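The structure appears below as structure tokens.
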Amino acid sequence: MKRGIKLLAAACALSLMFAFRVPEASALKCAAPPKPVTEEMAYSALTFKGTLVSETSNSSTFRVSTWWKGDSSQATVTLKANIWIKFELGEEYIVFVGKQNGELSPNLCGNTALSSDLDVKPLGPGTPVLSPPELENLALEATTLGTIIVSIMGLIGVIRSRLF
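When the letters of the sequence shown are read in order and numbered with mature numbering (1 follows the signal peptide of the UniProt record, and there is no 0), they come out as residues -27 to -1, 1 to 137.
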């Protein structure tokens, strides 16, 4: 009799376990919506707009076009990959980056998204990255300007020496 009651209790417990559906749960879902972009930028190590140019199982490399926070002369950034954020090669993203244990990676449960899906007006215009051809043009312009100034100074010197 005791054995029958134990079996009946076990069967009831087992049937109750399957009778109620448990809502889907995932360790990869964020509990709260992301913070405002200005707040996230404040605690991020880097914030930039960039295009994914290469990806491995361990890292994602972006060609940066605009910086909001970080070294604005840096044209590329390589981040440690994580399983929460999936990037597509060739797509442009706004990336909010954290630094943990010396490694850079996109902030978890943050605003990192395709640039077309995120309003960055609150962040301001940002600082564009000069590409290498623009830097070469800048150097050429500086050299040309320097040559013109030296030539004018020389011409003034020649004219003055002839007048006096």
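Cβ coordinates follow ideal geometry from the N, Cα and C atoms, glycine included.
Please read all numbers here as calculations on a predicted model, not as lab measurements.
| query | result |
| --- | --- |
| So, are the CB atoms of LEU81 and VAL68 less than 9 Å apart? | no |
| Starting from VAL50, trace the beta strand (DSSP E) both ways and give me its first and last residue. | 49 to 53 |
| Given this structure, state the Cα-to-Cα distance separating VAL131 from VAL123, to the nearest angstrom. | 12 Å |
| Below 8 Å on the Cβ atoms is my contact criterion, and I expect VAL93 with VAL37 to pass it. Report the Cβ-Cβ distance as a whole number of Å. | No, VAL93 and VAL37 are not in contact; Cβ-Cβ is about 14 Å, not under 8 Å. |
| Measuring alpha carbon to alpha carbon, tell me which of PHE35, THR20, THR24 ends up nearest ASP44. | THR20 |
| Output yes or no for whether 9 Å exceeds the beta carbon distance between LYS22 and GLU65. | yes |
| Just how far apart, CA to CA, sit LEU87 and THR24? | 9 Å |
| Apply the 10 Å Cβ neighbour rule to MET14 and answer buried if 16 or more other Cβ atoms are within range, or exposed otherwise. | buried |
| So for GLY130, helix, strand or coil by DSSP? | helix |
| Tell me whether PRO9 is buried or exposed, calling it buried when 16 or more other Cβ atoms sit within 10 Å of its Cβ. | exposed |
| What does a CB cutoff of less than 7 Å around LYS72 pick up in its chain, not counting 5 residues either side in sequence? | ALA18 |
| I believe THR11 touches LEU96 by the beta-carbon criterion, under 8 Å. Please report the beta-carbon distance rounded to the nearest angstrom. | 7 Å |
| SER46: buried (16+ other C-beta within 10 angstroms of its C-beta) or exposed? | exposed |
| Kindly provide the ranges of any beta strand (DSSP E) runs that are 3 or more residues long and lie completely inside the segment 51 to 91, ordered along the chain. | 65 to 73, 76 to 79 |
| Can you name, in chain order, every residue of its own chain whose Cβ lies under 6 Å from the Cβ of ASN55, other than the five neighbours on each side? | SER78 |
| Determine the contact status of PRO7 and ASN74, defining contact as a CB-CB distance below 9 Å. | no |
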